[in-house]
Amino acid sequence: MIVTNITIKQLVEFRRLSDRSRKTFANRIQVPQTAASGDGGGDYWISCLSAIGNTFRVLNNQLITDKIGELDRKYQTAKHTNTKTMYKRNLEILQIYQNFNLAQWRPSVPLKFLTRPKITLMLKNVPLQILPQHVFGFDINGNQMVGGIWFVHWLDGFSVGDLGMYTEAMYKYLNLVYGSTHQVDPDFCLTVDVVDQNAVSYTQLLNGSVTSLLDNTLDELNKLI
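Here the sequence shown stands for residues 22 to 246, numbered as in this note's numbering.
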């Protein structure tokens, strides 16, 4: 029995493991663990992911510029090579977004940003941790809609299918939390890799342009439990 919440990034990593390493992972998640950190790439990328997320909310790129200045000062004074490298990598990502129009990933109507309850999403007896940056409600022709966006990054690189796993899990989360009062808009339930700006919406999973990997991955994991 799995006793700790699994992040989507862990599922992505699981798909790339050898058979032996998969079994080790399956054994580990059946033992209580300390709480996991966020699932966009962890604390390493928190500076750029939080700044991009905040800018998405208010559509003011000055937040990006301010964060670049703050990180550059930290970079200049950092003593350890690993710390300087972390700041440099976050800076490089933020520079991509200094003049970027984040509105392209939002509906063109007023948004109401909603709470993101930290509940466990159970899929195929696997407890999943779902932590998108934003969940938002909006009105389309009198219909109450809900969407979400999840900004992620990983040095190893996410495939389009990997991003689809994030999006599919988020879609199920939105239905669980807000499905009784809102309809999930598949166009605006999307995950974005902040480096290459690949964005995968649930619409792409519905129309087959992105292959769904989530159920298959959970099935493979369950074989080892």
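Yeah, the Cβ is synthetic: ideal placement off N, Cα and C, and Gly gets one too.
Only a predicted model underlies this, so the values are computations on that prediction, with no experimental measurement involved.
When the options are compared against residue i, the one with the closest alpha-carbon
i	options	result
phenylalanine 77	Met143, Leu176, Ile170, Gly185	Ile170
alanine 220	Glu241, Thr238, Asn162, Tyr187	Tyr187
leucine 115	Val79, Ile50, Thr86	Thr86
isoleucine 151	Tyr96, Met191, Leu123	Met191
methionine 166	Arg127, Glu189, Pro53, Ile140	Arg127
lysine 95	Leu84, Asn111, Asn82, Leu80	Asn111
glutamine 51	His101, Leu92, Asn146	Asn146
glutamate 241	Arg37, Thr25, Asn26	Arg37
lysine 30	Leu235, Phe121, Asn122	Leu235
valine 24	Met143, Thr238, Gly178	Met143
tyrosine 223	Ile246, Thr141, Asn196, Lys244	Asn196
valine 33	His101, Thr238, Gly168	Thr238
leucine 149	Gln83, Tyr194, Ile246, Tyr65	Tyr194
threonine 47	Ile27, Thr98, Pro138, Gln97	Sequence check: residue 47 is alanine here, not threonine. Per the Cα distances, Ile27.
Outcome for residue i when other beta-carbon atoms lying within 10 angstroms are tallied against a minimum of 16
i	result
threonine 45	exposed
arginine 88	The amino acid occupying residue 88 in the given sequence is lysine; arginine does not appear at that position. Lysine 88 comes out buried.
glycine 74	buried
glycine 178	exposed
lysine 244	exposed
proline 153	buried
valine 79	exposed
Continuous beta strand (DSSP E) stretch holding residue i: start and end
i	result
threonine 212	204-214
valine 221	220-222
Terminal residues of the alpha helix (DSSP H) in which residue i lies
i	result
valine 198	181-199
serine 68	67-79
lysine 30	29-36
threonine 232	Note, threonine 232: premise wrong, no alpha helix (DSSP H); not H, not E.
threonine 25	Neither: threonine 25 is in no alpha helix (DSSP H) and is coded neither H nor E.
serine 42	40-49
Open item on the list: I'd like the ranges of any alpha helix (DSSP H) spanning at least 4 consecutive residues and lying wholly in the stretch 81-164.
Closed with: Listed in chain order, they are 83-98, 102-117.
Task: Cβ contact (3+ pairs, closer than 8 Å) linking the stretch 153-161 and the stretch 119-133 - done: A contact exists between the stretch 153-161 and the stretch 119-133.
Open item on the list: Pairs of beta-carbons, one from the stretch 173-185 and one from the stretch 196-205, closer than 8 Å: are there three or more?
Closed with: Contact between the stretch 173-185 and the stretch 196-205 is absent, because fewer than three Cβ pairs lie under 8 Å.
- [ ] Examine the Cβ distances between the stretch 205-222 and the stretch 161-178 and report whether three or more of them are shorter than 8 Å.
- [x] Using a C-beta cut-off of 8 Å, the stretch 205-222 makes contact with the stretch 161-178, since at least three inter-stretch Cβ pairs fall below that distance.
Open item on the list: Does the contact criterion of 3 or more C-beta pairs under 8 Å hold for the stretch 193-200 versus the stretch 96-115?
Closed with: The stretch 193-200, when compared against the stretch 96-115, does not touch it at the 8 Å Cβ threshold.
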